[in-house]
Amino acid sequence: MVDDSAIRRKTRSMQSELQQIKVRFKHLSLMAALGSTKEDSDSNNIVKKMLGTKHSVRKHILHDISGSFRPGVVTLLLGQSGSGKSAFMKLLSGRFPMHHEITVEGTVSYNGVPHKKLLKRLPQFVNYVTQTETHLPTLTVRETLEFAHKCCGSPAENVVHGGSAEVHYPDVVLRTLGLDNCQHTIVGNGMHRGISGGEKRRVTTGEMEFGMRYVTLLDESAPDSTVLQRSTLSLRSASWPSR
């Protein structure tokens, strides 16, 4: 078992090596082209169907937003359901599906480096926690986190960052997120009885804590109070510089 003082010591050692990243976005807009066809009401008239005109309607998902996320600061993003919060975070983390129907305007940069230059590498250092939980139901909470820890980087990266990665040992994550009491219980699903929904949410958050991630984005529409409190405290301790 890892006590609070050990968590603080390991967190400080990580902070000294993690790069501080400032995310800027200026006049950012995200649009999707929705195709439609204008046809005559007479569906039996093949000629009219062939001459029907096609056009597309552009739907704004994000419209002209500007701002920045400063390093070492926990920022709360609020908005109504369907306002584009998830799309915004997926775009910042490089996980938004970019098709020919999608148009992005404006600029996004990470420490001054344009979003487009880092697009393929963004998932390596920008962490995105989704709203859904996908787990192997027969693994225990500890086994799930240990598996995530072992798969968080390539062997070469683990050698390079071996010292600083110590802060993300499963024991630390279990204690920080309040999962130590259920660590030997299987995660479960509809067929296997396991941990509660709130605990599953914390497991999902814990899985994303491993690796050398410089930016963490949590997408949560309605977190339970324990998840919110534990996640906020964990992020604060990891993001604040050593003093």
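Adding 1054 to a residue's 1-based position in the sequence shown gives its number in our numbering.
Glycine is no exception: its CB is placed at the ideal position from the N, C-alpha and C atoms.
When secondary structure is reduced to three states using DSSP, G1126 falls in the coil class, being assigned neither helix nor strand. Pairing V1077 with F1142 gives a Cβ-Cβ distance that is not under 9 Å.
By a beta-carbon distance limit of 8 Å, V1195 contacts T1239. Their separation comes to about 6 Å. The criterion of a C-beta distance shorter than 9 Å is satisfied by V1180 and L1146. Residues F1150 of the same chain have their beta carbon placed closer than 6 Å to that of K1144, with the five preceding and five following residues left out of the count. Y1164 is bridged by DSSP to V1077 and V1167.
Going by DSSP, L1272 is part of the beta strand (DSSP E) stretching over V1269 to L1272. In summary, R1255 is buried, with 16 or more beta-carbon neighbours lying within 10 Å of its beta-carbon over all protein chains present. If you check the CB distance, V1162 and L1082 come in under 9 Å.
DSSP, read as helix, strand or coil, puts K1174 in coil.
Under the DSSP assignment, V1183 falls in the beta strand (DSSP E) whose first and last residues are V1180 to V1183. Nearest C-alpha to V1111 among G1121, D1273 and M1085: M1085. The straight-line gap separating the alpha-carbon atoms of T1192 and C1206 is approximately 21 Å.
In the three-state reduction of the DSSP assignment, L1231 falls in the coil class, being assigned neither a helical nor a strand state. Judged by their CB atoms, V1257 and L1199 are nearer to each other than the 9 Å cut-off.
Collapsing the DSSP output to three states places V1226 in a helix. Residue state for E1261 is assigned as helix, using DSSP reduced to three classes. Across the set E1197, C1236 and N1165, the C-alpha of N1165 shows the shortest separation from the C-alpha of L1176.
V1241: not part of any alpha helix (DSSP H); DSSP gives it neither H nor E.
E1261 is the residue among G1248, K1170 and E1261 whose C-alpha sits nearest the C-alpha of K1204.
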